[in-house]
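Taking it in order: structure first as structure tokens, then the write-up.
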Amino acid sequence: MENLAFFVLTLSVGCFAEKEDLSGKVFVFPVDSNTDYVKIIPDMQNFADLTVCLKFLTDLTREVSLFSLATPTHLNAFLLTRRSPSAYRGHVGDREADFFGLQEKQNEWISVCQSWNSSTKLTQLWVNGKQTMRKGIQTDGAITGAAIITLGQEQDSYGGGFDPKQSLVGELTDVHMWNYVLSCCEIQNYMSHLSFSPGNIINWHALEYSKHGQVVVQESQLTPCM
-11 MENLAFFVLT LSVGCFAEKE DLSGKVFVFP VDSNTDYVKI IPDMQNFADL
39 TVCLKFLTDL TREVSLFSLA TPTHLNAFLL TRRSPSAYRG HVGDREADFF
89 GLQEKQNEWI SVCQSWNSST KLTQLWVNGK QTMRKGIQTD GAITGAAIIT
139 LGQEQDSYGG GFDPKQSLVG ELTDVHMWNY VLSCCEIQNY MSHLSFSPGN
189 IINWHALEYS KHGQVVVQES QLTPCM
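In the working numbering, the protein residues as written are -11 to 214.
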């Protein structure tokens, strides 16, 4: 079944545009919706370790889904949600860990990274340069299967099942994903807009994606004018 799912996903990649350099661009999610999202199908389908980094802007205080990776067997294979302006939840293999005390302000850009190590079963978050404690998630190990990634929506079914109450209303940029755990220095460099190695699974500077609903690509206002 997994081989068939991956074959179907491979065929669907032909509907995607060629890889695009989105440097200086953002995805804008303008309204509450169950139809607005960005879809990415990674070339790799088995992940022992992971790091995902992104930047987002919102004025919402409710839960928002930032990054959702689902497989045919695990809808929350790797899911990052901001539960409130001071709390995040990371899922791996349908298990979860909550992180608290991460203060942020509405309408200010937030940089967030989540890492996962399957051998230690430890996950950790970084938010605006502040690291959390490492927390354990007891899963079966590596993430396997044909992956579908959505930005701005949580997958409650494989590739869909979106809930507008979990949707991101705001902007999102600089999304990268690696199949290893980034060092503290690399994460700090990412968050400080310094030189870092782009993601080898998802690379914002060479991104193959499809956008759906009212999502639009706009110029970034993250960097102040000189």
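All C-beta atoms, glycine included, are put in the ideal place defined by N, C-alpha and C.
Could you please give the first and the last residue of the uninterrupted alpha helix (DSSP H) stretch that includes residue i?
i, result
"Gln176", "172 to 179"
Where does residue i sit, in a helix, a strand or coil, going by DSSP?
i, result
"Gln154", "helix"
"Gly148", "strand"
"Lys123", "strand"
"Ala75", "strand"
"Asp162", "strand"
"Ile189", "coil"
"Thr138", "strand"
By how many angstroms is the C-alpha of residue j removed from the C-alpha of residue i?
i, j, result
"Thr161", "Asp128", "31 Å"
"Gly158", "Ser106", "32 Å"
"Pro258", "Val26", "Nothing in the structure corresponds to residue 258, since the chain is present only between -11 and 214."
"Phe66", "Thr120", "18 Å"
"His164", "Gln112", "16 Å"
"Val14", "Leu45", "10 Å"
"Tyr168", "Gly124", "17 Å"
"His200", "Gly117", "31 Å"
Taking residue i and residue j to be in contact with their CB atoms under 8 Å, please state how far apart those CB atoms are, rounded to whole angstroms.
i, j, result
"Gly78", "Leu63", "With a Cβ gap of about 15 Å, Gly78 and Leu63 do not count as contacting."
Which residue comes first and which comes last in the beta strand (DSSP E) that contains residue i?
i, result
"Leu113", "110 to 115"
"Arg70", "66 to 72"
"Phe184", "Premise fails: Phe184 is in no beta strand (DSSP E) and is neither H nor E."
"Lys43", "37 to 45"
"Leu90", "Per DSSP, Leu90 belongs to no beta strand (DSSP E) and is neither H nor E."
"Thr61", "Element bounds for Thr61: n/a, residue is neither H nor E."
"Lys27", "25 to 28"
"Gln206", "204 to 207"
For chain B, find out if any of its Cβ atoms is closer than 7 Å to the Cβ of residue i; answer yes or no.
i, result
"Ile175", "In the displayed structure, chain B is absent; only one protein chain is listed."
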